[in-house]
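Residues in the sequence shown are numbered from 1 upward in steps of one, following full-length UniProt numbering.
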Amino acid sequence: MAKYVPDIISHRWVIISPRRLARPENHIETKKKRKNMCPFCVGNEDMSAPEVLRYGKGNTGTPGWEVRVIPNKFPITDYHEVIIHSPDCDHDLEELPLAQTKKVLRAYRERFNVYRNKGQVLIFANHGEHAGASLKHPHSQLVVIPEQINLDALTKEPLNNLVEENTFFNTYCPDFSQWPYEVWIAPKKDGGKFGDLDDEELDDFAGILHKTIKQIRKIFDHHQISNMPFGYNYYIYPRHNWYLRIIPRFIHRAGFELGTGLNVNIVDPMDASLELRGVESRMIHLLTRLKKNK
Numbered sequence: 001m002a003k004y005v006p007d008i009i010s011h012r013w014v015i016i017s018p019r020r021l022a023r024p025e026n027h028i029e030t031k032k033k034r035k036n037m038c039p040f041c042v043g044n045e046d047m048s049a050p051e052v053l054r055y056g057k058g059n060t061g062t063p064g065w066e067v068r069v070i071p072n073k074f075p076i077t078d079y080h081e082v083i084i085h086s087p088d089c090d091h092d093l094e095e096l097p098l099a100q101t102k103k104v105l106r107a108y109r110e111r112f113n114v115y116r117n118k119g120q121v122l123i124f125a126n127h128g129e130h131a132g133a134s135l136k137h138p139h140s141q142l143v144v145i146p147e148q149i150n151l152d153a154l155t156k157e158p159l160n161n162l163v164e165e166n167t168f169f170n171t172y173c174p175d176f177s178q179w180p181y182e183v184w185i186a187p188k189k190d191g192g193k194f195g196d197l198d199d200e201e202l203d204d205f206a207g208i209l210h211k212t213i214k215q216i217r218k219i220f221d222h223h224q225i226s227n228m229p230f231g232y233n234y235y236i237y238p239r240h241n242w243y244l245r246i247i248p249r250f251i252h253r254a255g256f257e258l259g260t261g262l263n264v265n266i267v268d269p270m271d272a273s274l275e276l277r278g279v280e281s282r283m284i285h286l287l288t289r290l291k292k293n294k
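Here it is in C-alpha cells:
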C-alpha cells in the first residue's frame, strides 16, 4: 500500500513507495543485457504482469498486439498501470504513424474511465532517461490518487501565444511557461474531463499532439541548446477543465530552482510559439520588437 504523508503547513503531500526501488534501469547497456530482454517487446509478454487491455490481434499475453496495457510491477500508488505505445522499442509517438497515436489515446480514454470514480486519474509519459523513463521502450503510465490528496498541479493557463488550432483544440505557449518550448494543448470547450472526449474529438486531439511533438523535436535538432538527448514529459490534468502539458527536457534544473521554487525559462514563450508555428528564427526578433512597439 502507498503511504501518503502530509506537510501540515504547506498542505503538500509526499508518497512513500519503497516498491519503486526495485524498478528496472535498462538505458545503460552492458554485456550482460541483451536487447531482447526488454519486458515490453513482442515475444516477452510473459516478463510483465498480465495485460488488462490490448488492441490488435492475438490472445491475451501473446504477440499480435498493437497497444498493450499492464499493471505496473513497481507501483507508486495502489492503482498504477503502464500503456505500451506500440511493439516498436525504438520509436515513440512523434515517429509512429498518426493512426498509432490515435490507438494510444483511445487506450488512455478507456483506462481513464475505468478509474474515474476511484480518485484522480493522472496519465503521464516520460520520454528519455533524463525525463524519468526507466525503460527505453516507449510507454505512458496511469496512476490513481485519492481525491483528498491536494495535487500541486497548475490549473489551465489563459490562452496566450497561440501556436495552432483545429476544430476542437488550441496549442499554445502560456506566458507562465516554466520550461523552454513548453506547450499546452487544451480543448476549446471549457469544463469536462479527458475521459469525456468522443471519438471525433479524440482524433482531433491525436492529430495536434502528434504534430506538436514532431515540431518540438525539429526545434531541438536545430538548436542543440545542451548536450542532453531529446526528451520530454507530458501529462493530462486529471480534474475538470483539463489540458495536456508538454515539457521538453532541453535543460537541467539545478540548485537555484530546487532551493527557491522559482523556475528560470531561457526562451520567451512568445518566441517559442513563433518557432513552433514555423516562423524562421531570423524573423522572430523582428516580430517581437514590432509587437512590443504597438
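A virtual CB, placed ideally from N, CA and C, is assigned to each residue, including glycine.
> Which residues bound the alpha helix (DSSP H) around Y243?
Replying inline: No alpha helix (DSSP H) contains Y243, which DSSP labels as neither H nor E.
>> Starting from F220, trace the beta strand (DSSP E) in both directions and tell me its first and last residue.
In response: Note, F220: premise wrong, no beta strand (DSSP E); alpha helix (DSSP H) at 199 to 223.
> Taking C-alpha atoms, which residue in S10, I9, Y4, I8 lies nearest to I16?
Replying inline: Y4
>> Just to confirm the assignment, what range does the beta strand (DSSP E) spanning L276 have?
In response: Taken as a continuous stretch (DSSP letters only), L276 belongs to no beta strand (DSSP E), being part of the alpha helix (DSSP H) at 269 to 277.
> Are at least three pairs of beta-carbons, each pair with one atom in the segment 144 to 152 and one in the segment 97 to 109, less than 8 Å apart?
Replying inline: no
> For I9, which residues from the same chain have a beta carbon less than 8 Å from its beta carbon, with the 5 sequence-adjacent residues on both sides left out?
Replying inline: none
> When the Cα atoms are used, what is the spatial distance from residue 362 to H130?
Replying inline: Residue 362 lies beyond the range of the chain shown here (1 to 294); nothing can be said about it.
> Can you give the Cα-Cα distance for E29 and L159, rounded to whole angstroms?
Replying inline: Unreliable positioning characterises E29 in this predicted model, as indicated by a pLDDT of 47, which lies under 50. The coordinate reading is nonetheless provided below. Approximately 43 Å between the Cα atoms of the pair.
>> Let's test the definition: count the other Cβ atoms within 10 Å of the Cβ of Q100 and tell me whether it reaches 16, buried, or not, exposed.
In response: buried
>> Just verifying my parser: in three-state terms, what is the DSSP assignment at P71?
In response: strand
> Does DSSP put N233 in a helix, a strand or coil?
Replying inline: strand
>> I'd like the ranges of any alpha helix (DSSP H) spanning at least 4 consecutive residues and lying wholly in the segment 52 to 130.
In response: 98 to 115
> Three or more beta-carbon pairs under 8 Å between the segment 211 to 220 and the segment 90 to 97, yes or no?
Replying inline: yes
> If D46 and G61 are in contact, beta carbons under 8 Å, what's the gap, nearest whole angstrom?
Replying inline: 7 Å
> For G119, which residues from the same chain have a beta carbon less than 6 Å from its beta carbon, with the 5 sequence-adjacent residues on both sides left out?
Replying inline: V144, I145, P146, E147
> Quick one: any contact between the segment 255 to 265 and the segment 196 to 205, if contact means 3 or more CB pairs under 8 Å?
Replying inline: no
> Run through DSSP, which three-state label would P180 get?
Replying inline: coil
>> Whole angstroms are fine: how far does the CA of Y181 sit from the CA of P269?
In response: 7 Å
> Below 7 Å between beta carbons: does that hold for G191 and H240?
Replying inline: yes
>> Taking the alpha-carbon of Y237 as reference, which of H252, F194, E275 has the nearest alpha-carbon?
In response: F194
> What are the boundary residues of the beta strand (DSSP E) that T171 is part of?
Replying inline: 169 to 172
>> Just to check my reading of the structure: V42 and R54 have Cβ atoms closer than 8 Å, yes? What is that Cβ distance to the nearest angstrom?
In response: Actually they do not touch by this definition, with Cβ atoms about 12 Å apart.
>> On the criterion of 16 or more Cβ atoms from any shown chain inside 10 Å, does P174 qualify as buried, or is it exposed?
In response: buried
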